[in-house]
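Student:
There are 2 protein chains.
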Amino acid sequence: MYSLIDIQKRLLPDMLTVMQKRYGILHYIGLMEPVGRRSLAVSLGLTERVLRSEVEFLKDQNLIRISSTGMSLSSDGKELLGALEGIMRDISGIAVMEQELSRKLGIRKAIIVSGNSDESPWVKQELGRATAMCMKSRLKGKNIIAVTGGSTMAAVAEMLTPDLAERDWLFVPARGGIGEDVKNQANTICSKMADHTDSRHRVLYVPDQVSREMYESIIKEPNIKEVITQIKSASMVLHGIGDAITMAERRKTSEEDLVKIKQAKAVGESFGYYFNEGGEVVHKVQTIGLQLDDLSQIEHVIAVAGGSTKAKAIAAYMKRAPSTTILVTDEGAAKQLIKG
Amino acid sequence: MYSLIDIQKRLLPDMLTVMQKRYGILHYIGLMEPVGRRSLAVSLGLTERVLRSEVEFLKDQNLIRISSTGMSLSSDGKELLGALEGIMRDISGIAVMEQELSRKLGIRKAIIVSGNSDESPWVKQELGRATAMCMKSRLKGKNIIAVTGGSTMAAVAEMLTPDLAERDWLFVPARGGIGEDVKNQANTICSKMADHTDSRHRVLYVPDQVSREMYESIIKEPNIKEVITQIKSASMVLHGIGDAITMAERRKTSEEDLVKIKQAKAVGESFGYYFNEGGEVVHKVQTIGLQLDDLSQIEHVIAVAGGSTKAKAIAAYMKRAPSTTILVTDEGAAKQLIKG
DNA sequence: CCCGCATAGACATATTATGTCCCACTTACC
DNA sequence: GGTAAGTGGGACATAATATGTCTATGCGGG
Numbered sequence: 064m065y066s067l068i069d070i071q072k073r074l075l076p077d078m079l080t081v082m083q084k085r086y087g088i089l090h091y092i093g094l095m096e097p098v099g100r101r102s103l104a105v106s107l108g109l110t111e112r113v114l115r116s117e118v119e120f121l122k123d124q125n126l127i128r129i130s131s132t133g134m135s136l137s138s139d140g141k142e143l144l145g146a147l148e149g150i151m152r153d154i155s156g157i158a159v160m161e162q163e164l165s166r167k168l169g170i171r172k173a174i175i176v177s178g179n180s181d182e183s184p185w186v187k188q189e190l191g192r193a194t195a196m197c198m199k200s201r202l203k204g205k206n207i208i209a210v211t212g213g214s215t216m217a218a219v220a221e222m223l224t225p226d227l228a229e230r231d232w233l234f235v236p237a238r239g240g241i242g243e244d245v246k247n248q249a250n251t252i253c254s255k256m257a258d259h260t261d262s263r264h265r266v267l268y269v270p271d272q273v274s275r276e277m278y279e280s281i282i283k284e285p286n287i288k289e290v291i292t293q294i295k296s297a298s299m300v301l302h303g304i305g306d307a308i309t310m311a312e313r314r315k316t317s318e319e320d321l322v323k324i325k326q327a328k329a330v331g332e333s334f335g336y337y338f339n340e341g342g343e344v345v346h347k348v349q350t351i352g353l354q355l356d357d358l359s360q361i362e363h364v365i366a367v368a369g370g371s372t373k374a375k376a377i378a379a380y381m382k383r384a385p386s387t388t389i390l391v392t393d394e395g396a397a398k399q400l401i402k403g
Numbered sequence: 064m065y066s067l068i069d070i071q072k073r074l075l076p077d078m079l080t081v082m083q084k085r086y087g088i089l090h091y092i093g094l095m096e097p098v099g100r101r102s103l104a105v106s107l108g109l110t111e112r113v114l115r116s117e118v119e120f121l122k123d124q125n126l127i128r129i130s131s132t133g134m135s136l137s138s139d140g141k142e143l144l145g146a147l148e149g150i151m152r153d154i155s156g157i158a159v160m161e162q163e164l165s166r167k168l169g170i171r172k173a174i175i176v177s178g179n180s181d182e183s184p185w186v187k188q189e190l191g192r193a194t195a196m197c198m199k200s201r202l203k204g205k206n207i208i209a210v211t212g213g214s215t216m217a218a219v220a221e222m223l224t225p226d227l228a229e230r231d232w233l234f235v236p237a238r239g240g241i242g243e244d245v246k247n248q249a250n251t252i253c254s255k256m257a258d259h260t261d262s263r264h265r266v267l268y269v270p271d272q273v274s275r276e277m278y279e280s281i282i283k284e285p286n287i288k289e290v291i292t293q294i295k296s297a298s299m300v301l302h303g304i305g306d307a308i309t310m311a312e313r314r315k316t317s318e319e320d321l322v323k324i325k326q327a328k329a330v331g332e333s334f335g336y337y338f339n340e341g342g343e344v345v346h347k348v349q350t351i352g353l354q355l356d357d358l359s360q361i362e363h364v365i366a367v368a369g370g371s372t373k374a375k376a377i378a379a380y381m382k383r384a385p386s387t388t389i390l391v392t393d394e395g396a397a398k399q400l401i402k403g
């Protein structure tokens, strides 16, 4: 069952932000009283004018008192603040975590959905929905979207809705067919995403490990060449992050590589790149398509991964990720990430 | 302890309105789907453009689906609506009651605070606060405010705050000293209100029952004459509403009048006028100052009265009250009023 | 085949939020 | 006692947003 807050998040998404802002103001006034607008504004990272509007509002509500020496809480304000403190812990926990997480990982934004996808399967759907919303809000008009595989991306595909159709999207697999079961392959997912949004997609079937000569001849194939061009000119990349060992085992990785990966203490995987805890690339699946270095050229990069067990993998990858990355994750992973 | 909703009402007063609006839209779409904007707009009493903005928002939230045949709820929308229904009953009960009450009484606005001042003494304070806020929001600049007596008005006086000082207010008693204990006399209350707001006040000491000759000579007194002029030019009247019998007994009413009042089945009293259930004036305390007929000339008329026992009195008075009246009351009285 | 109802686009205008500057006042410290 | 730093608040241009109004166009039932 939904709680009041969950409903409000859906029905008045800004409410939470505003509440947090006002809570922050009351909180600081409580700490620093009596205090002036200017110093408050810098403490809170708000412009003076914005703070002033808020302060005027709070004054109208009789929550603060304003005198020539500065602002202080009224008795009503103190009472309300006390009650708010408890509530904010629950409510804005997530918003606060989003801030903290994006700062800590050095990325553009973190979006956290509540729950833990390790424990509750439906949280993956929520991840999907959050990702879909994020895509929707960031893309206008014609776009090429490069997508990787994995069960999380499959969940995203499921949650896309056709009201995006207008926008003229084209889904392309980010990299050549990275062996996995068909259901979670990039090609399959692209197709499903296109289905769900009434848009188009391309496929890219390429054997995993290509020899030099093979590569040269494949890349000359006009069809493939075209897809690769599209991949490189994508305006958005949507990718998952996996646990290194799990991914390596799930794929048809050679015994030799498996040992290499394990010995290098790889923890995370994304795009066929394996990362150790320091964020260094310790192994790479040789294939055509999007390369790690291409990411920085792409306008929107959205990484989606949830579950507390994936925290390490996320942390590892994020050391290497472009700073424009947006991470969509769940509470379980976020808590681990912030802790560690 | 405050509930989340109470806090939000204070911290984001518009939230409730918006939530109600959006709930209403979802609700109606649920009932009428598939339905177009135009018919929805008239059903909800919104302009088409406003509705359209809302609808676009709801679409972005994936709560409704829009097709060429009209709008309908998405499965998410249905789920959310179900959860909302229960919540709205509690939350917006008061807002709904305010609408209903103002309609039923035929007045400009009704403001309801939660609780019942018969049972909980602190609700009177809430009445006071709500009244103070209302005054604040309606008056700009220089104003003359005519005030009557009574314990409710005393509570209002207590809740006024000096941040209104700027506005240059002058408090005058609405009518000549209507006998009651000093604490709740209009003169005393004016003085207290002026105190609390750092503004000025006038007094008007006049014997209750004046003979013709007495009246003529009193009215010539320059001091009194001036106050009366001020009363007549007031931009706001603030008055209480009392139970007829209680008021009659509390005042030094002659035995003869008391019988008259009782026989005429008076139920309500305001300004020294006694009303029966039909809203007819059955008795009037003869004194100088504001007369019932003067009310319609005055820009802002605020009536304040709470407690379920006062419902009858309020109902009686409201039959006679100008349609611009604003009633500030409590849940206890409001429920009775709506029921009866 | 047309009429009525549907969505969606476009644009002017009203309203609100925000950025920017300035002023007068209080306070505390030298 | 005077000065500097900090205070609230006024004023105003501009940006952003909401709203009113009109129009284009598509769809389905009679």
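Protein chains in written order, with my numbering: chain W, 64 to 403; chain R, 64 to 403. Ideal Cβ placement from N, Cα and C applies to all residues, glycine included.
1) Any idea what DSSP makes of V210 of chain W, helix, strand or coil?
2) CB G178 of chain R to CB E221 of chain R, shorter than 8 Å?
3) Pull up the distance between the alpha-carbon of M160 of chain R and that of M216 of chain W, whole angstroms please.
4) The alpha helix (DSSP H) with K203 of chain W in it runs from where to where?
5) Return helix, strand or coil for N339 of chain R, following the three-state DSSP convention.
6) Label L358 of chain W either buried or exposed according to how many other C-beta atoms from any shown protein chain fall within 10 Å of its C-beta, with 16 as the threshold for buried.
7) On the premise that A297 of chain W lies in contact with A209 of chain W, defined as a C-beta separation below 8 Å, what is that separation, rounded to the nearest angstrom?
8) Could you spell out where the beta strand (DSSP E) holding E332 of chain W opens and where it closes?
9) Quick check on DSSP: helix, strand or coil for T392 of chain W?
10) D244 of chain W by DSSP, collapsed to three states: which one?
11) Whole angstroms is fine: what's the gap from K203 of chain R's alpha carbon to D231 of chain R's?
12) Measuring alpha carbon to alpha carbon, tell me which residue in W:S102, W:G369, W:S386 is nearest H363 of chain W.
13) For I308 of chain R, name the three-state secondary structure that DSSP assigns.
14) Assuming A397 of chain W and A368 of chain W form a contact by the criterion Cβ under 8 Å, report the distance between their Cβ atoms to the nearest whole angstrom.
15) Between W:G352, W:K246, W:Q349, W:V330, which lies nearest to G342 of chain W when the distance is taken from Cα to Cα?
16) Which residue marks the beginning of the beta strand (DSSP E) containing R128 of chain W, and which one marks its end?
17) Looking at chain R, which residues of the region 114-134 of chain W have a Cβ within less than 8 Å of any of its Cβ atoms?
18) The region 71-85 of chain W: which residues have C-beta closer than 8 Å to a C-beta of chain R, in chain order?
19) CB-CB under 8 Å to I282 of chain R, same chain, minus the five flanking residues each way: which ones, in chain order?
20) So A366 of chain W is in the alpha helix (DSSP H); what residue range does that whole segment cover?
21) On the three-state DSSP scale, how would you describe L79 of chain W?
22) How far does the beta strand (DSSP E) with S135 of chain R in it reach, from first residue to last?
23) Going by alpha carbons, who is nearest to R115 of chain W out of W:R85, W:D139, W:L144, W:M151?
24) Pick out whichever of R:H90, R:I157, R:L74, R:R112 has its Cα sitting closest to the Cα of I401 of chain R.
25) Could you tell me the distance, in whole angstroms, from the CA atom of K187 of chain W to the CA atom of A193 of chain W?
26) Pull the bridge partners of L233 of chain W from the DSSP assignment, please.
27) Using a beta-carbon distance below 8 Å, is Y65 of chain W in contact with chain R?
28) Over the uninterrupted alpha helix (DSSP H) stretch that includes K72 of chain R, give me the two end residues.
29) Would you list the residues sitting across from A173 of chain R in a DSSP beta bridge?
30) Does any residue of chain W have a CB that is nearer than 8 Å to the CB of L143 of chain R?
31) Taking Cβ to Cβ, would you say I389 of chain W is nearer than 8 Å to K72 of chain W?
32) Is there a C-beta anywhere in chain R that falls below 8 Å from the one on L103 of chain W?
33) Taking only the alpha-carbon atoms, compute the straight-line gap between Q83 of chain R and M151 of chain R and give it to the nearest angstrom.
34) Please tell me whether A311 of chain R and L301 of chain R are closer than 8 Å, where the distance is taken between their beta carbons.
35) Along the region 145-161 of chain W, where does the CB come closer than 7 Å to a CB of chain R? Name the residues.
36) Report, in whole angstroms, the separation of the C-beta atoms of V345 of chain W and F338 of chain W, which I expect to be a contact under 8 Å.
Tutor: Reading from the atomic positions:
1) Three-state result, V210 of chain W: strand.
2) Note that the C-beta distance between G178 of chain R and E221 of chain R is not below 8 Å.
3) For M160 of chain R and M216 of chain W, the gap between their C-alpha atoms comes out near 48 Å.
4) DSSP places K203 of chain W outside any alpha helix (DSSP H), giving it a letter other than H or E.
5) Strand, per DSSP.
6) L358 of chain W comes out buried.
7) About 4 Å separates the CB atoms of A209 of chain W and A297 of chain W; that is less than 8 Å, so the two are in contact.
8) Note, E332 of chain W: beta strand (DSSP E), 329-333.
9) In this structure, T392 of chain W counts as strand in the three-state DSSP scheme.
10) If DSSP states are grouped into helix, strand and coil, D244 of chain W belongs with coil.
11) Computed Cα separation, rounded: 9 Å.
12) Measuring C-alpha to C-alpha distances from H363 of chain W to each of W:S102, W:G369, W:S386 identifies W:S386 as the nearest.
13) Judged by DSSP in its simplified three-state form, I308 of chain R adopts helix.
14) Actually they are not in contact, since the Cβ atoms of A397 of chain W and A368 of chain W sit about 11 Å apart, beyond 8 Å.
15) Answer by Cα proximity: W:V330.
16) DSSP places R128 of chain W inside the beta strand (DSSP E), whose first and last residues are 127-130.
17) Here the close residues are K122, D123, Q124, N125, L126, R128, I129.
18) Going along the region 71-85 of chain W in chain order, one finds Q71, R73, L74, L75, P76, M78, V81, M82, R85 with a Cβ nearer than 8 Å to chain R.
19) Exclusion of the five residues before and after I282 of chain R leaves K288, I291, I351 as the residues of its chain whose Cβ lies within less than 8 Å of its Cβ.
20) Careful: A366 of chain W lies outside any alpha helix (DSSP H), inside the beta strand (DSSP E) at 363-367.
21) L79 of chain W carries a helical assignment under DSSP once its states are collapsed to helix, strand and coil.
22) Where S135 of chain R is concerned, the enclosing beta strand (DSSP E) stretches over 133-136.
23) Of W:R85, W:D139, W:L144, W:M151, the residue nearest in Cα terms is W:R85.
24) Comparing Cα-Cα distances from I401 of chain R to each of R:H90, R:I157, R:L74, R:R112, the minimum goes to R:I157.
25) CA-CA distance, K187 of chain W to A193 of chain W, rounds to 10 Å.
26) Residue pairing of L233 of chain W in beta bridges, as defined by DSSP: W:I207, W:R263.
27) Closer than 8 Å: yes.
28) Element bounds for K72 of chain R: 67-74.
29) Bridge partners of A173 of chain R: R:L390.
30) By this cut-off, L143 of chain R is an interface position.
31) Their beta carbons are not under 8 Å apart, which means I389 of chain W does not touch K72 of chain W by this criterion.
32) No Cβ of chain R is located within less than 8 Å of the beta carbon of L103 of chain W.
33) Approximately 8 Å between the Cα atoms of the pair.
34) Going by C-beta atoms, A311 of chain R is not nearer than 8 Å to L301 of chain R.
35) Taking a C-beta cut-off of 7 Å against chain R, the contacting residues of the region 145-161 of chain W are A146, L147, I150, listed in chain order.
36) About 7 Å; that satisfies the 8 Å criterion.
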